[in-house]
Structure formats: C-alpha cells, structure tokens
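Residue numbers (the UniProt record's numbering): 1 to 267. Built from N, CA and C at the ideal position, the CB exists for glycine as well. Quick caveat, the model's predicted, so the values are computed rather than measured.
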C-alpha cells in the first residue's frame, strides 16, 4: 500500500490482484490510495494557501495602519489631551484600568491586545521612567502584529534589566554594609492618627478618591473592597498596614521593586 501511494508500484496492478482475491480488501485499498493521492495533497496545499493569504492580509493591514498613523495619534490626543503628544506609563495604565471605551477602540483598531500594549509602553518608557510619544507608541503597536516582533522579546529584555538592577543593588549593599533603612534621606516619619472605623472608611472612600471612577458599579466595588480590607485589619493581632493606590501606581511599584518598611523607634 505504501509503495502504491509513493509511486514505487502502479496501484492499478495491485488493485486488480486484490479485486480477484477479496472485494473488501480491494475497497480498503482504493479508499487508502484515493485518500493519500487526493485528500492529503489538497489539505497541504489549502493550508499553505490559507496561511499565505493570512500573512498577506496582515501585511496589507499593517501598511494601511502605517498610512493612517496620524489618525491613531489623534485618537490618543482625544483621550489624554489635544495639546499633548506623549503619555506616561502610569497615566496610560490608569485610563486602561478604567476601561475607557476610546482607549479600547484605539487598541482594537491596531489589532493588538491590552496586555501587549501595556508591556510595549513599559519597555518604551524605560521601565515607567520617561514619557512616550504617541507616534512611537502607535508605530510600536503596528509592528507588534508581526509574530516575530511580538512582546516576548520585550519581556525578556525587561527581565534582563531587572536582574541586572538587582545585582547592582546587592553589590552596592554588600560593599557599604548598609541595610535598606540606613539612608535617612529616603526615610520619612510616619504620622499615626487615631480615628474611628467609620472615619477611616470615609477617608478611603472620599470623593477625591472615587471621583475619578466613571461607573457607579466600579465605585461600589471599590467601596466594598475597602470595607473588606478594613474588616481584615480589625481582625489582625499586632501591627498591620495597607496601601491604597491606583492600578497604575501599584503596577509601577511592583516593577520598580519599591519597598515599604516601618521601624518603631519608641521601643
């Protein structure tokens, strides 16, 4: 059977022998030969053509987007301000966390994902340290459509920089023999104010904090989270701390390895 489909033996001669011996075997042989002679080549060719058309379409879409860069830049100006041409990583993450429909439409129009854009902006902003031009961000998103230039390489580059920064900080700490809290220039006195639970909850859910949230459901979820956090703190024995921040600030804190420590010097 293999030799017949590979061209080593004429399948007609084998089929005639099987037809004279056993009709069932003859039928199986004909089906097997037809499958490998017609179905398999057609599937392979169709797959190749389909992938080629997809790649061609992606290239055409990318070319069309490159011709309309100014359109996408204006979409960002409509979100962050018509008189600005750049955005910070924190501001972008804040608007993205609010699920702004205009920003989601911008991301969808470029054919990329929210996580990919966030990772790209983090890399372009040098780990959330500088502003990024709208045009540079848009061109980066367009180029990310190509699988070979996707964010995997960006993630790898960021990981290398983080590891290098940790090694450098450890080296400096070992050379100076200092602890994290030795530099008094980076420390601040913690002010402790005694308030009731109701006042504490009111302060964390004030208009200054929840006013930036667009949806009522989002504000209610935030208030519920604050109440749950306060209830957890009240059930903790000993000291307990909580940091309330925006999603963008929390992301930047995680990636820049910011550490919160409190030392009680009254003991």
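Provide the residue(s) that pair with residue i in DSSP beta bridges, ordered along the chain.
i	result
residue 22	Its beta-bridge partners do not exist; DSSP assigns none.
residue 86	133
When the Cα of residue i is compared with those of the options, which residue comes out closest?
i	options	result
residue 90	58, 59, 123, 21	123
residue 68	53, 110, 37	110
residue 62	233, 191, 143, 230	143
residue 76	134, 207, 28, 83	134
residue 30	22, 108, 15	15
residue 355	70, 226, 27, 216	Missing from the structure shown is residue 355; the chain here goes from 1 to 267 and no further.
residue 107	72, 131, 40, 80	72
When burial is assigned at 16 or more other CB atoms within 10 Å of the CB, is residue i buried or exposed?
i	result
residue 178	Confidence in residue 178 is poor, its pLDDT being 47 and thus under 50, which makes the residue's placement unreliable; the coordinate value appears in the next sentence. Answer is exposed; the Cβ neighbour count stays below 16.
residue 141	buried
residue 138	buried
residue 55	exposed
residue 35	exposed
residue 38	exposed
residue 116	buried
residue 118	buried
residue 198	exposed
residue 221	exposed
residue 45	exposed
residue 236	exposed
Could you spell out the range, first to last residue, of the alpha helix (DSSP H) harbouring residue i?
i	result
residue 52	40–67
residue 110	Premise fails: residue 110 is in no alpha helix (DSSP H) and is neither H nor E.
residue 203	197–204
residue 224	216–234
residue 207	207–210
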